[in-house]
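Structure, as structure tokens:
Protein chains: 4
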Amino acid sequence: MTTHLPQPLRGVVPPMITPLADEYNLDLPGLKKLIEHVLAGGVHGLFLLGTTGEGPSLSYELKYEMVKKSCEIIAGRVPVLVGITDTSFAESIRLAEHAAACGADAVVLAPPYYFPAGQAELLEYFEHLAPKLPLPLFLYNMPSMTKVTIDVETLRKASEIDNIVGFKDSGGNMIKYHEYIVAMQDKPDFSMLIGPEELLGESVLFGGHGGVAGGANIKPRLFVDMYEAAVAGDLDKIKKLQKEIFVLRKLYSCGQYSSTFIKGVKCSLNCMGICSDFMAEPFRAFRQSERNKIETLLREIKLLD
Amino acid sequence: MTTHLPQPLRGVVPPMITPLADEYNLDLPGLKKLIEHVLAGGVHGLFLLGTTGEGPSLSYELKYEMVKKSCEIIAGRVPVLVGITDTSFAESIRLAEHAAACGADAVVLAPPYYFPAGQAELLEYFEHLAPKLPLPLFLYNMPSMTKVTIDVETLRKASEIDNIVGFKDSGGNMIKYHEYIVAMQDKPDFSMLIGPEELLGESVLFGGHGGVAGGANIKPRLFVDMYEAAVAGDLDKIKKLQKEIFVLRKLYSCGQYSSTFIKGVKCSLNCMGICSDFMAEPFRAFRQSERNKIETLLREIKLLD
Amino acid sequence: MTTHLPQPLRGVVPPMITPLADEYNLDLPGLKKLIEHVLAGGVHGLFLLGTTGEGPSLSYELKYEMVKKSCEIIAGRVPVLVGITDTSFAESIRLAEHAAACGADAVVLAPPYYFPAGQAELLEYFEHLAPKLPLPLFLYNMPSMTKVTIDVETLRKASEIDNIVGFKDSGGNMIKYHEYIVAMQDKPDFSMLIGPEELLGESVLFGGHGGVAGGANIKPRLFVDMYEAAVAGDLDKIKKLQKEIFVLRKLYSCGQYSSTFIKGVKCSLNCMGICSDFMAEPFRAFRQSERNKIETLLREIKLLD
Amino acid sequence: MTTHLPQPLRGVVPPMITPLADEYNLDLPGLKKLIEHVLAGGVHGLFLLGTTGEGPSLSYELKYEMVKKSCEIIAGRVPVLVGITDTSFAESIRLAEHAAACGADAVVLAPPYYFPAGQAELLEYFEHLAPKLPLPLFLYNMPSMTKVTIDVETLRKASEIDNIVGFKDSGGNMIKYHEYIVAMQDKPDFSMLIGPEELLGESVLFGGHGGVAGGANIKPRLFVDMYEAAVAGDLDKIKKLQKEIFVLRKLYSCGQYSSTFIKGVKCSLNCMGICSDFMAEPFRAFRQSERNKIETLLREIKLLD
């Protein structure tokens, strides 16, 4: 039932939002619609329980349910990656085991996000953790949330650890991304994915394998097109699609806090009739005034009549 | 069996370290020794599963065990506060219920530490959470870990919420602490505690109720003496004790990462024969070279022969 | 004509604002009134061309004029300290020579504020600069502006350099201030002054020599009283004065940018009829709406009828 | 004698280092050699007294001399841009007037770098300053030094001010650079240049006009080639040149502080026999150990025999 995980994993792997009925329950019909919506866009994998998926905000019961139901619905059509980032070592392992049992293909882990670890500490932590995981591991650089950057040298050394097969960089720093690419150029099977959708085009042009574009929840085809244009080196198309991406991202700036990105994605999907926009604590769905802005923008880009 | 929680809670409430036998088990004999060691110093309460207690790094099973065993050992001799800070709303509540069942007296909560919430979001979160808790709540300002500061105005409004009874400020910014004190001066029952032990003396001199001094794991009497000297306004004694505190804190700078504080406390307690120095992931106990420095320092201050 | 500079310099040394008629000229009548106003409050020195004095924003011509005129008006009644912080080594020296020629008593220098220097670089810089200065030098820690903190060890080593006689800490971090105090405790002649007025009381209680309180431009006696209460160890008076200081500082939060402090001080002095509120570029005086707030506050604290 | 300044200015405009004989004097023979070396690489302009040029560290006398001599040597062969960033409004204007008198073609200005201005304050400052300048103005975003980012909306509004003709972004944030490009896409004559040389290729691919590559002091042709490859859309060549750029930048990491970039460039030029490596205070040239590393690297890339 599981897909073979390509090495390297290439393409667009959306960080799926978690449709919630309320604080304690999934919006299951919404989850089904969302998965079909995103898969219909031609994406190359799905990433559950990441930052966009509000992974850290969910109870363990909900996380487990989300992985189980999503794997059932996806049913091997694309590789499934599951976020297991946790401040507790044991809970990361437990979730990875559950993901494996559900048929997921890989797990994704950012540094523990309460205590900031030094680079040597981080590397030892990866060395301890990776062998205990039943699935291949992608490291995840997300300094705005974890307060810790995975340094180039740390990535380099971590890539020598058995079972670590890729890297997702959400640091947003293209200079550093080039450094990662240079450092890993002799390991062509090690998957190099970029987080911010605004950088998908150029990261692939310079040797990256794809990206984890949050906006692909809303408009998956746009990012698949960008990925393919970048692989093909079609600069005119890239420039045209980049403009579209910069229109789409207006959806993310309707609120005033850093939560505005996830709120904007969930509100958009709700306006489009796909799933609930309920947010896990400590956040709440956009109120009517922000929702009005979202609707107007969705109409402008023909995602709403 | 529970103690009456004084309002306001005053004095020294050490953030107890969590003695670990290994990643999955408590060092139970060590826990007993540690509690007796700290209580013998005359402290006014104990705070479990805080930052110093490596709360976020422990599995839920271990957290629950730690609360249960500690409450049994303390047996109502002093009020017990339990850290329930979590990125998941449901898990915070669940742990609070467990703490209540074990006979703890209050819970302590910092903002969720993955997604940084805005002040309005934070206040709504407190409003949603507090009524669901079976125990009085202390808010906990810890921006170096949570990336979010609880603003003066947010504290002021949160203090109006039923069930929120106090505040622990570990921001380390005395100007802001004075602002908090000024903002809360008409609520004399609302407990105002300070985190950094270096600021215990002056915070009490200016109207604070006490502190959550990490060094009290090692030398509890020193901080109880400082608290009492500050209450008595004995400036000569305060200056003398402050110097001792600044000698003690050399124990915290033997390592090179931000984990050096907890490692230093645990290593000291181990050298003193009290409990294990095992650290939860992603950290590891000091190696021999740092341990040698700790031993030398402990000898200088007569905590080791 | 010069005063003898006490060693250590003790007391309240206000960082005087620079009264400006326009971008290119001093408000000379205002300068006279201001100096008399501040001296009448019993201050122990005056600090020209600091942060509050908008030193870095002034042309060299204006800086030189400000030093010359101020020294003439002060006429040796209190020690005069002149800020020579500059990104150019040569210009710092040139201004120090001018200050000496005008009869100033000491100069004050923060790290060069464009390129952030490492600690070893900083120490070498102090070693190169100090011998070239014709006046004793106070080092000035102001990380919010210079991006660089003068570390405890750097201060310790710099204090060995001939001609460096004191330290002004505007870092706002009381833990660090205690560390500086501990590090310098065997050099009782080395002057330890604190920047933020909110910390004047406690810094003196714990061994500091005084402070550079910006609010002393407006209400000098309040800070002189606080200094004296702290020297006398009169805790009741300290608490009472601290409350007054926290009322006064409402004047600093009427605007929305970090410039609000200086704008608030200048606007207050203008409302009080002392001097112009003209701000050097890139700032502008408060408009009417903020001015109304200032006037209301000044009436509440009886500084305006 | 002045060149016509193209609108927009396109291509590679190296931020020239300032060759110094000592703290007070130019290395004039070095300056001549350096200018010929860089011009021989086919660059499209020269930028004097920027960050790489240690502009803020030089005395006014030295700055004026540097502009005068450089303009004489360049003699209209390429446009000359002069950095006039200053914390003093009057000094910025004075230096701009001198630059105009020497025959420079434009001036470049980052926000005043002591007091951090808010966006509204910044815009007013640009509005006040631009009309007083005798030369066209490029705004310069350099938040790591100035602590202030020029927001997209501020740039947009500033571009409406007469006399502001371009923008140099050294923020290093490609997401933001795309936002700037989108915001300015209807003003094709407004020059959009990027600072970090690692981003030159992709910025031009996505619509930027060129860059201010510091490494072009050492190897100007490499960056001219990259610019031309990007204009031509030659992706294979871009990837090859990008690798070379990432080899060259090893020269910048031989030291341990943030000054390592400029020290590395100056040391390289000195090893190559072009000019002195004397650094203005607060820095000092690399000592022998770092110099050895530089020599080894230069040999590897055939810039030294």
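These protein sequence lines are chains B, W, Z and V, in that order. Counting in my numbering, the first sequence runs from 1 upward without gaps. Counting in my numbering, the second sequence runs from 1 upward without gaps. Counting in my numbering, the third sequence runs from 1 upward without gaps. Counting in my numbering, the fourth sequence runs from 1 upward without gaps. Ideal Cβ positions, reconstructed from N, Cα and C, are used throughout, including at glycine.
Closer than 8 Å to chain Z by CB, residue i
i      : result
W/E202 : yes
V/T313 : For residue 313 of chain V there is no data in the structure shown, the boundaries of chain V being 1 and 305.
W/P196 : yes
V/P15  : no
Start-to-end residues for the alpha helix (DSSP H) that takes in residue i
i      : result
B/D86  : Neither: B/D86 is in no alpha helix (DSSP H) and is coded neither H nor E.
B/A120 : 119-129
V/L297 : 288-300
B/L269 : 260-271
Beta-carbon proximity list for residue i, same chain, < 7 Å, skipping 5 on both sides
i      : result
W/I274 : G30, K33, L34, H37
B/E281 : E23, S57
V/V78  : T3, L39, V43, H44, G45, L46
Z/A21  : D27, S276, F278
Z/Y125 : A117
V/E244 : L222
Other residues of its chain near residue i: CB distance less than 6 Å, five sequence neighbours each side excluded
i      : result
Z/P6   : none
V/K263 : G255, F286
W/Q119 : D151, T154
B/L95  : I84
B/G172 : P196
Contact set for residue i: own chain, Cβ-Cβ below 8 Å, skip 5 residues either direction
i      : result
V/I238 : G201, L205, M226, A229, A230
Z/R249 : E197, E198, G215
Range of the contiguous beta strand (DSSP E) that encloses residue i
i      : result
Z/Y140 : 137-141
Z/D234 : Premise fails: Z/D234 is in no beta strand (DSSP E) and is neither H nor E.
Z/L20  : 20-22
is_contact[residue i, chain W] using C-beta, thresh 8 Å
i      : result
B/G118 : yes
Z/H209 : no
B/F283 : yes
B/A90  : yes
Z/M174 : yes
Neighbour flag for residue i against chain V, beta carbons, 8 Å
i      : result
B/G171 : no
B/Q256 : no
B/V143 : Before going further, note that residue 143 of chain B is Pro rather than Val in the sequence given. Not one chain V Cβ lies under 8 Å of B/P143.
Z/F115 : yes
B/I262 : no
Below-8 Å beta-carbon distance, residue i vs any chain B residue
i      : result
W/P112 : yes
V/F246 : yes
W/Y177 : no
Neighbouring residues, chain C, relative to residue i (Cβ below 8 Å)
i      : result
V/V182 : Among the protein chains of the structure shown, namely B, W, Z and V, there is no chain C.
Jot down the residue ranges of each uninterrupted beta strand (DSSP E) in the stretch 152-219 of chain W, minimum 3 residues, whole runs only, in chain order. For the stretch 152-219 of chain W, whole beta strand (DSSP E) runs of length 3 or above, ordered along the chain, are 164-169, 191-194.
May I have a chain-ordered list of the alpha helix (DSSP H) segments no shorter than 4 residues that lie completely inside the stretch 27-108 of chain B? The DSSP assignment places 28-40, 60-74, 89-102 as complete runs of the alpha helix (DSSP H) inside the stretch 27-108 of chain B, in order along the chain (cut-off: 4 residues).
Could you say if the stretch 111-118 of chain W and the stretch 256-266 of chain B meet the contact criterion of at least three C-beta pairs nearer than 8 Å? Yes, the stretch 111-118 of chain W touches the stretch 256-266 of chain B.
Validate contact between the stretch 127-138 of chain V and the stretch 161-179 of chain V using beta carbons, cut 8 Å, 3 pairs: Touching, per the Cβ criterion.
Segment contact flag, the stretch 149-156 of chain B with the stretch 140-151 of chain V, C-beta cutoff 8 Å, min 3 pairs: The stretch 149-156 of chain B, when compared against the stretch 140-151 of chain V, does not touch it at the 8 Å Cβ threshold.
May I ask you to verify whether the stretch 11-19 of chain V touches the stretch 208-215 of chain V, counting CB pairs closer than 8 Å and requiring at least 3? A contact exists between the stretch 11-19 of chain V and the stretch 208-215 of chain V.
Assess contact between the stretch 172-184 of chain Z and the stretch 181-193 of chain W, defined as three or more Cβ pairs (one per stretch) separated by less than 8 Å. Is contact present? No contact exists between the stretch 172-184 of chain Z and the stretch 181-193 of chain W.
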